[in-house]
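**Student:**
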């Protein structure tokens, strides 16, 4: 067990380092923060001073080394725009993002999974086809299109709901729906195929042949097996709790981590971007780790090899 | 009329999406008896019992009568069927490793059957599961209760399936190719076990197999099936001493002999017809060396050859009699 | 007869490392623990055993698909080249394999004519029209019609597919055919057809066949000699009739007595326990935990395969002791 965790943690760390390095390099090669943050008419000495104070003139590898050592000391740098600690900046936005993504996750799970199960149990019926049709729509329509459509209908035309900002809980309704729709669709489809696969297995027939009532067969025999592949998808969804709302936050002007990222990238606010990316990579990797552990709990076959045929 | 039969199948027919797969099965299982059902793939031997127990998927159309102690259970309510399955008629299947739920412990799965049919719960159910494990000869029963299917061998898993089937104290056990996926020496163990259990509990047995030898050693009566019908029925001894239907003769001739000179096997030419393209009249006629023009005209009805021995072939000499 | 020797395998050993569990110890599994056999032109050697006995692994080593950890295989007097080398690739034309699952062995996207022709294409034999003619004649040889060449595997029955696999295996006129459970997945009447076909093809083409199966009846029908394997070694070897009527190794006796017989009523030897796990080999004779005749010697000393009379070899310390009634 220990060795398993150790290998996984090591891989996770390597992934995170790779993400951060990649971001570091690309950001610095793609534009000059000094020019973007200070306006174009700023005098050249001011720009030069800015660059010097942020160490932007040092060779790339030197900047990287400084950054890396700083991280190890817990210092993730400061925003170039307002000088505040990057960590503080990001941290104060997290609750706003979670205010969208957590309810959205709840929607995905509570709508996606039951629809998928129902569709599988009533395969080829009208309901099945309708649910699957909706699901296809759900995951092919990009979230910004859906978001804008919802705004158009509910905010502009009908005026029922506000179109942007974070002033009241009513402002959260449209973004949460937009976020939840795509995930619910994916989950519905996935759960359906996992269930169908399981329902075709011989042990389901055995359970019926034992006299287990059908509902109990589905609940006790089919679902636990269908959960195994479904957990992977849910793992992704949990992993993207922080990062998954970038587009939606932008469409709805929601002041969360996603919007901060967009603004910071546009400004080449290096420390902030890297901080967010570190956070995102960390969340994803942690959630994958949890999923791996969960597999072991859900599927006894993964826990140990066959003990062998000795009687 | 065999009114004291435990189970009677009357003109049982099954069609999948309009294609007939079972074309009228009449069969009686006496209490405590052992009946073998033999045939090659597609003959319907498994479908017969899946249909009888209502285990076929929804798109199957099943008609006819399935009488358990006189009462017709075909099309009965789900609640009734759930009581019958496992409680009065139990069924075990071919590949024990995939017929057991991989995420539940074996003891739990057996205890589930005990709880459903014996009204016992908790530790009493577990104790009974343990006793069943002992009865079917699983060594180290206490530890095996907590094991998962993938931790046991094929033979042991089949024993667990049998234990699970016995949990409801059924009057009939239908074993669908129980040893096909197992090694020959383990097959011998399982057949031995089934015989012993029959003696101990007095339960009836239906053994479905493609292997004539397996069926002959374990069963008193044998029904040979081809293309959805029973083509010959006899006691095990008579079937092998005087096989009458050309298909039965062909099956026996296709078995490589264990002694005598090595010769070319008298293999039945051709193969089993596609159920969608079933020939008119006798389904076996196209492959039969003795066919006549009349064979393609009508489906032969069973003709009695001797008491308890009938064959559905126009060429048997006995006068037309429906098997009583 | 030994001068007609085509292939000789001496003291083959094959081990695998298996990791137990998610992160557990590495155990070494000995799949084949010292097997020697000889194949002669135009003759069939049957290899019989149950799961885990190593017969399939032996078959693969004989073909050169796996390299033995010890011992060697020589084909027509020359040692078997390593897999992947050009010499080895050229040798594929001389030896072929037929597997248990005919559907799995065929590509569903190619017509059967294309698949039968494929070995000819790979080894650059003949031009297009010569190959087409050859495919037609092969189809006929295996009992299929030429027009069936344009079909796809899923349009054929199990028996027909196995015939296609055979035709493909014969395309390059191999000297050796290794058949690993070629008939177990087929219906009884189709098994008989395929067995007849194998015997016919061998008589017509003079190839050697290694027939691997768990079915003693089939092995007797098709083979000139039989070797019985248990947990990686050969425990008995001889002519099929002799083995069936006078089995000397206790395992062979159990195997013979376990054969289901229509009309048989006699006593049968029922072995206790399960087929053994190659990862946990017993000491001494591998069969001793299940052997009704096991003695102290059996627990400590591994018996070697020794001559036991004319044309018979047995690996047992007590090959003639028999307290159990023999089953006919």
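Protein chains in written order, with this note's numbering: chain W, 1098 to 1408; chain C, 192 to 515; chain P, 175 to 502. All C-beta atoms in this analysis are idealised placements derived from N, C-alpha and C, irrespective of residue type, glycine included.
(1) Does DSSP put residue 184 of chain P in a helix, in a strand, or in coil?
(2) Can you list, in chain order, the residues of its chain whose CB lies under 7 Å from that of residue 305 of chain C, leaving out five sequence neighbours each side?
(3) Measure the C-alpha to C-alpha separation of residue 338 of chain C and residue 295 of chain C and round it to an integer number of angstroms.
(4) Give the DSSP-derived three-state secondary structure of residue 481 of chain P in the structure shown.
(5) With a threshold of 8 Å between beta carbons, is residue 510 of chain C in contact with chain P?
(6) If you draw a straight line from the alpha carbon of residue 1207 of chain W to that of residue 1382 of chain W, how long is it in whole angstroms?
(7) Got a sec: is the Cβ-Cβ distance from residue 1310 of chain W to anything in chain C below 8 Å?
(8) Should the segment 387 to 406 of chain P be regarded as contacting the segment 218 to 234 of chain P, the criterion being three or more beta carbon pairs within less than 8 Å?
(9) Look at the alpha carbon of residue 1212 of chain W and the alpha carbon of residue 1200 of chain W, and state the distance between them as a whole number of angstroms.
(10) Closer than 9 Å by beta-carbon distance: list the chain W residues that pair up with residue 419 of chain C, in chain order.
(11) Can a CB atom of chain C be found closer than 8 Å to the CB of residue 1226 of chain W?
(12) Measure the Cβ-Cβ separation of residue 1197 of chain W and residue 1269 of chain W and say whether it is below 8 Å.
(13) With 9 Å as the limit, tell me which residues of the segment 420 to 451 of chain P have their beta carbon closer than that to any beta carbon of chain C; keep them in chain order.
(14) Starting from the C-beta of residue 237 of chain C, find all residues in its chain whose C-beta is less than 8 Å away, skip the five residues before and the five after it, and write them out in chain order.
(15) Give the residues of chain P in contact with residue 453 of chain C, contact being defined as C-beta atoms less than 7 Å apart.
(16) Out of P:410, P:268 and P:261, which has the shortest C-alpha to C-alpha gap to residue 210 of chain P?
(17) Around the Cβ of residue 1405 of chain W, are there at least 16 other Cβ atoms within 10 angstroms (buried) or fewer (exposed)?
(18) Which of the residues in the segment 376 to 388 of chain P, read from start to end, lie with their CB under 8 Å from any CB of chain C?
(19) Check residue 211 of chain C in the structure and name its three-state DSSP category.
(20) So which residues on chain P does residue 442 of chain C lean against when the C-beta distance must stay under 7 Å?
(21) Which residues of chain P have a Cβ atom closer than 9 Å to the Cβ of residue 363 of chain C, listed in chain order?
(22) Taking the DSSP output, what are the residues bridged to residue 364 of chain C?
(23) Between residue 447 of chain C and chain P, is the shortest Cβ-Cβ distance under 8 Å, so that the two count as touching?
(24) For residue 1112 of chain W, which of W:1375, W:1164 and W:1221 has the nearest alpha-carbon?
(25) Can you tell me whether DSSP reads residue 1392 of chain W as helix, strand or coil?
(26) Span of the beta strand (DSSP E) holding residue 214 of chain P?
(27) Using CA coordinates, which residue listed in P:408, P:493, P:465 and P:335 is at the minimum distance from residue 278 of chain P?
(28) Under 8 Å Cβ-Cβ, which residues of chain C neighbour residue 418 of chain P?
(29) What does DSSP give as the partner residues of residue 416 of chain C in its beta bridges?
(30) At a cut of 8 Å, does the segment 1271 to 1286 of chain W reach the segment 242 to 256 of chain C through at least three beta carbon pairs?
(31) To which residues of the same chain is residue 1319 of chain W closer than 7 Å at the C-beta, ignoring the five residues directly before and after it?
(32) Would you mind stating whether residue 421 of chain C and residue 216 of chain C have Cβ atoms separated by less than 8 Å?
(33) Of all Cβ atoms in chain C, is any one closer than 8 Å to the Cβ of residue 1396 of chain W?
(34) Can the beta-carbon of residue 407 of chain C be found less than 8 Å from the beta-carbon of residue 413 of chain C?
(35) By DSSP, does residue 299 of chain P sit in helix, in strand, or in coil?
(36) Going by beta-carbon coordinates alone, are residue 1180 of chain W and residue 1240 of chain W separated by less than 8 Å?
**Tutor:** In brief:
(1) It is a strand residue.
(2) Cβ neighbours of residue 305 of chain C beyond the five flanking positions: 311, 316, 319, 320 and 358.
(3) The alpha-carbon separation between residue 338 of chain C and residue 295 of chain C amounts to approximately 9 Å.
(4) Strand, per DSSP.
(5) Any answer about residue 510 of chain C is weak, because its pLDDT of 43 lies below 50 and its placement is not dependable; what the coordinates show is given next. No, residue 510 of chain C lies away from the interface with chain P (no Cβ there is under 8 Å from its Cβ).
(6) Going from the Cα of residue 1207 of chain W to the Cα of residue 1382 of chain W covers about 24 Å.
(7) True, the Cβ-Cβ gap to chain C drops below 8 Å.
(8) In short, these stretches touch, since the Cβ pair count reaches three.
(9) Roughly 18 Å between the two C-alpha positions.
(10) Chain W residues near residue 419 of chain C: none, gap ~21 Å exceeds 9 Å.
(11) Cβ-Cβ to chain C under 8 Å: no for residue 1226 of chain W.
(12) Going by C-beta atoms, residue 1197 of chain W is nearer than 8 Å to residue 1269 of chain W.
(13) Those would be 425, 428, 429, 430, 431, 432, 433, 434, 435, 436, 437, 438, 439, 442, 443, 444, 445, 446, 447, 448, 449 and 451, in chain order.
(14) Same-chain partners within the cutoff: 367, 368 and 399.
(15) Close to residue 453 of chain C, with beta-carbon spacing below 7 Å, are these residues of chain P in chain order: 395.
(16) Restricting attention to P:410, P:268 and P:261, the CA atom closest to the CA of residue 210 of chain P is found in P:410.
(17) Caution applies to residue 1405 of chain W, whose pLDDT of 33 falls short of 50 and renders its modelled position unreliable; the model cannot decide the point.
(18) Answer set for the segment 376 to 388 of chain P: 388.
(19) Residue state, collapsed to three classes: strand.
(20) Correct list: 362 and 363.
(21) The contacting residues do not exist; residue 363 of chain C stays about 23 Å from chain P at best.
(22) C:281 and C:396.
(23) Yes, its Cβ sits closer than 8 Å to a Cβ of chain P.
(24) Residue nearest to residue 1112 of chain W within the set W:1375, W:1164 and W:1221 is W:1375 (criterion: CA-CA distance).
(25) In the structure shown, residue 1392 of chain W sits in a helix (DSSP, three-state: H, G or I).
(26) Looking at the DSSP string, the run of the beta strand (DSSP E) that includes residue 214 of chain P is 200 to 214.
(27) Checked all of P:408, P:493, P:465 and P:335; the closest Cα to residue 278 of chain P is P:335.
(28) Within chain C, the residues near residue 418 of chain P are 449 and 450.
(29) Its beta-bridge partners are C:421.
(30) Contact fails: fewer than three Cβ-Cβ distances are below 8 Å.
(31) For residue 1319 of chain W, same chain residues with a beta-carbon under 7 Å away, outside a window of 5 residues either side, are 1292, 1295, 1296 and 1301 in chain order.
(32) Cβ atoms of residue 421 of chain C and residue 216 of chain C: closer than 8 Å.
(33) The beta carbon of residue 1396 of chain W sits closer than 8 Å to some beta carbon of chain C.
(34) The Cβ atoms of residue 407 of chain C and residue 413 of chain C sit closer than 8 Å to each other.
(35) Coil, per DSSP.
(36) If you check the CB distance, residue 1180 of chain W and residue 1240 of chain W do not come in under 8 Å.
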